[in-house]
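See below for the structure under consideration.
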């Protein structure tokens with residue numbers, strides 16, 4: 384099938400191509416191709432928007448590639464700023480900390496009533512606070528302003544490049560639906576203003592909340608950069624978590640906790656209930672056997688439960704480490720049971736769930752990489768099959784067409800992408816038989832073609 388490749392296909396950037404290949408649903412061949420057609424539709428909307436931007440000569444500025452560069456630059460600035468923090472921050476006398484712009488930060492440490500430096504035994508607070516040297520402070524000021532500029536530019540790029548096409552797509556989808564309230568359809572002619580506001584707000588929310596990372600992430604990131612500069616510098620450490628967005632392997636670490644959240648939640652609830660049972664025994668029967676330092680932590684059942692939960696799950700020997708050493712048979716049995724049920728069993732169940740999920744996600748990434756590099760995206764046939772066929776053809780004197788020729792020429796994914804975009808650009812009345820068939824398959828999400 385020969386067709387004219389639309390000129391807008393040349394605007395597809397490498398970042399867009401990489402994102403499609405890495406994020407397409409590979410559950411099975413049908414789901415993969417259906418998701419591919421959906422994503423091509425999203426790419427087409429982006430290309431139409433980029434074409435509009437090209438009228439003003441800013442299509443290269445407002446592009447996914449530029450968004451990726453600014454995002455990486457912002458992450459590099461966060462690393463540089465934290466390096467200065469980790470090497471320069473020290474507790475100094477208040478006279479040495481002359482940065483008057485951080486009044487909120489200063490009040491945290493120097494306020495007479497609420498200072499974090501307050502000594503409860505002496506009823507006074509230290510006249511010192513963490514700060515940088517004047518030279519390091521100037522470096523951080525420059526880095527922070529650059530960070531604010533770059534992160535704000537990243538947010539603007541995201542809103543223009545990614546959110547705007549999503550807004551148009553969502554608004555079109557919402558406009559085609561009838562709105563139901565209290566089980567009844569809302570009449571279009573009677574509530575036109577309400578429906579317009581509802582649909583625009585819904586489309587706006589979708590445009591900033593959909594995807595990974597969503598637009599909300601870049602908004603919070605830019606706000607954090609401002610707070611680092613004006614309010615609380617230690618927030619800069621949180622900017623390093625941007626690596627989760629940039630590295631799928633790192634994201635798997637968090638997903639190992641998020642994915643089994645229901646199972647982890649029930650396990651933690653069981654752990655809390657069991658700890659409470661032990662706390663009740665310790666409070667009513669063995670409170671006087673706590674060590675001198677821990678005795679005051681068990682004056683009420685609530686305090687005793689909090690102390691058992693806090694220290695018992697963190698100390699290597701369980702809550703028994705808080706008691707005076709004795710051979711009391713009754714308490715020794717309870718200490719041993721606490722150690723076995725909480726430390727050995729329940730906590731290890733929690734760790735096991737997280738580790739197993741991480742191993743599962745890691746294997747999924749490996750399988751995805753194998754599927755991406757070793758199997759044809761369109762037909763799903765492995766590269767080994769094509770190489771064996773090529774060797775057989777070569778031995779028989781036939782034309783040698785191996786894996787490279789197949790995925791670059793026969794089943795080039797971007798040729799299929801260009802064909803689908805060409806159909807969207809072409810008027811339906813100009814379709815031939817094949818094009819009309821494919822168009823109907825696209826509309827019905829059928830991959831038989």
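Residue numbers (the working numbering): 384 to 832.
Even for Gly, the Cβ is constructed at its ideal location relative to N, Cα and C.
Query - Anticipated Cβ contact below 8 Å, residue 436 with residue 442, distance rounded - result: Within the chain shown, residue 436 is the residue found at index 53, counting from 1. Within the chain shown, residue 442 is the residue found at index 59, counting from 1. With 8 Å as the limit, residue 436 and residue 442 qualify as a contact, their Cβ atoms being about 5 Å apart.
Report task. Give the DSSP-derived three-state secondary structure of residue 514 in the structure shown. Result -> For this step, residue 514 is matched to residue 131 along the chain shown. Residue 514: strand per DSSP, three-state reduction.
**Report entry** Burial state of residue 429 (16 or more Cβ within 10 Å)
**Finding:** Start at 1 with the first residue of the chain shown, and residue 429 comes out as number 46. By the 10 Å Cβ count, residue 429 comes out buried.
**Report entry** Between the CA atoms of residue 675 and residue 724 - distance to the nearest angstrom
**Finding:** Along the chain shown, one-based indexing puts residue 724 at 341. Along the chain shown, one-based indexing puts residue 675 at 292. Between residue 724 and residue 675, the C-alpha separation is close to 26 Å.
Query raised in the report: What did DSSP end up calling residue 706 once you bin it into helix, strand or coil?
Result: If you number the chain shown from 1, residue 706 lands on position 323. Three-state result, residue 706: strand.
Query - Secondary structure, alpha helix (DSSP H): runs of 4+ residues fully inside the region 787-831 - result: 796-808, 816-827
Requested in this report: Starting from residue 765, follow its DSSP beta bridges and name the residues at the other end.
Outcome: Residue mapping note: residue 765 aligns to position 382 of the chain shown, counting from 1. Beta-bridge pairing links residue 765 to 758.
Query raised in the report: In the DSSP assignment, what residue or residues form a beta bridge with residue 673?
Result: Start at 1 with the first residue of the chain shown, and residue 673 comes out as number 290. Paired residues: 706.
Report task. Give the DSSP-derived three-state secondary structure of residue 506 in the structure shown. Result -> Mapped onto the chain shown, residue 506 falls at position 123. Only weak support is given to the placement of residue 506: the predicted model assigns it a pLDDT of 48, under 50, and the value that follows is read from those uncertain coordinates. Coil at residue 506, not helix or strand.
Query raised in the report: Can you find at least 3 beta carbon pairs, one from the region 756-763 and one from the region 629-646, that sit closer than 8 Å?
Result: no
Query - Extent of the continuous alpha helix (DSSP H) run through residue 724 - result: As a position in the chain shown, residue 724 is number 341, starting the count at 1. Run containing residue 724: none; DSSP gives neither H nor E here.
Query raised in the report: Residue ranges of each alpha helix (DSSP H) run of no fewer than 4 residues wholly in the region 401-429, ordered along the chain?
Result: none
Query - Short Cβ contact (8 Å threshold) for residue 362 with residue 542 - result: One cannot answer for residue 362 here, as it falls past the ends of the chain, which runs 384 to 832.
**Report entry** Chain-order list of residues whose beta-carbon lies under 7 Å from that of residue 586 (same chain, five-residue window excluded)
**Finding:** Locating residue 586 in the chain shown gives position 203, counting from the first residue. Around residue 586: 550, 553, 554, 557.
Query raised in the report: On the three-pair Cβ rule with 8 Å, is the region 714-733 touching the region 675-689?
Result: no
Query raised in the report: Considering only C-alpha positions, which residue in the set 633, 701, 695, 426 is nearest to residue 547?
Result: For the purposes of this step, residue 547 is identified with residue 164 of the chain shown, where counting begins at 1. Minimum Cα distance to residue 547 is reached at 426.
Query - Three-state secondary structure assigned by DSSP to residue 467 - result: Within the chain shown, residue 467 is the residue found at index 84, counting from 1. Of the three classes helix, strand and coil, the one that applies to residue 467 here is helix, per DSSP.
Query - Selected residue, minimal CA-CA separation from residue 708, among 397, 749, 673 - result: On the chain shown, position 325 is the one that residue 708 refers to. That would be 673, whose Cα lies nearest to the Cα of residue 708.
Query - Inter-residue Cα distance where the pair is residue 748 and residue 402 - result: Mapped onto the chain shown, residue 748 falls at position 365. Mapped onto the chain shown, residue 402 falls at position 19. Looking at the two C-alpha atoms, the distance is approximately 15 Å.
Query raised in the report: By DSSP, does residue 445 sit in helix, in strand, or in coil?
Result: Start at 1 with the first residue of the chain shown, and residue 445 comes out as number 62. DSSP places residue 445 in coil when its eight states are reduced to three.
Query raised in the report: Near residue 522, what residues of its chain come up, given a Cβ to Cβ distance below 7 Å and the 5 sequence neighbours on each side ignored?
Result: Residue numbering aside, residue 522 sits at position 139 when the chain shown is read from its first letter. Closer than 7 Å at Cβ, skipping near neighbours: 467.
Report task. Please specify which runs of the alpha helix (DSSP H), each continuous and at least 4 residues long, are wholly inside the region 564-643, giving them in chain order. Result -> 575-592, 598-613, 626-629, 631-641
Report task. Would you please state the rounded distance, in angstroms, between the beta carbons of residue 544 and residue 446? I believe it to be under 8 Å. Result -> Your numbering for residue 544 matches position 161 in the chain shown. Your numbering for residue 446 matches position 63 in the chain shown. That pair is a contact at about 6 Å.
Requested in this report: Use the C-beta contact count for residue 389: other C-beta atoms within 10 angstroms, 16 or more gives buried, fewer gives exposed.
Outcome: Position 6 of the chain shown, counting from 1, holds the residue named residue 389. Buried, since its Cβ has 16 or more Cβ neighbours within 10 Å.
Query raised in the report: Considering only C-alpha positions, which residue in the set 422, 752, 684, 479 is nearest to residue 399?
Result: As a first step, residue 399 must be located in the chain shown, where it is residue number 16. When each option's Cα is compared against that of residue 399, the closest is 422.
Requested in this report: Grab the span of the alpha helix (DSSP H) containing residue 686 for me, first residue to last.
Outcome: Your numbering for residue 686 matches position 303 in the chain shown. Note, residue 686: alpha helix (DSSP H), 684-695.
Query - Reduced DSSP secondary structure (H/G/I, E/B, other) of residue 536 - result: Mapped onto the chain shown, residue 536 falls at position 153. Note: residue 536 maps to helix in three-state DSSP.
Query - Nonlocal neighbours in the same chain, by C-beta distance under 8 Å from residue 463, ignoring five residues either side - result: Residue mapping note: residue 463 aligns to position 80 of the chain shown, counting from 1. Answer for residue 463: 526, listed in chain order.
Requested in this report: Report yes if the C-beta distance between residue 460 and residue 533 is below 8 Å; otherwise report no.
Outcome: The residue given as residue 460 occupies position 77 in the chain shown. The residue given as residue 533 occupies position 150 in the chain shown. In contact: residue 460 and residue 533 (Cβ atoms closer than 8 Å).
Requested in this report: Check each candidate in 540, 639, 616 and name the one with the smallest Cα separation from residue 738.
Outcome: The residue you call residue 738 lines up with position 355 of the chain shown. When only C-alpha atoms are compared, the closest one is 639.
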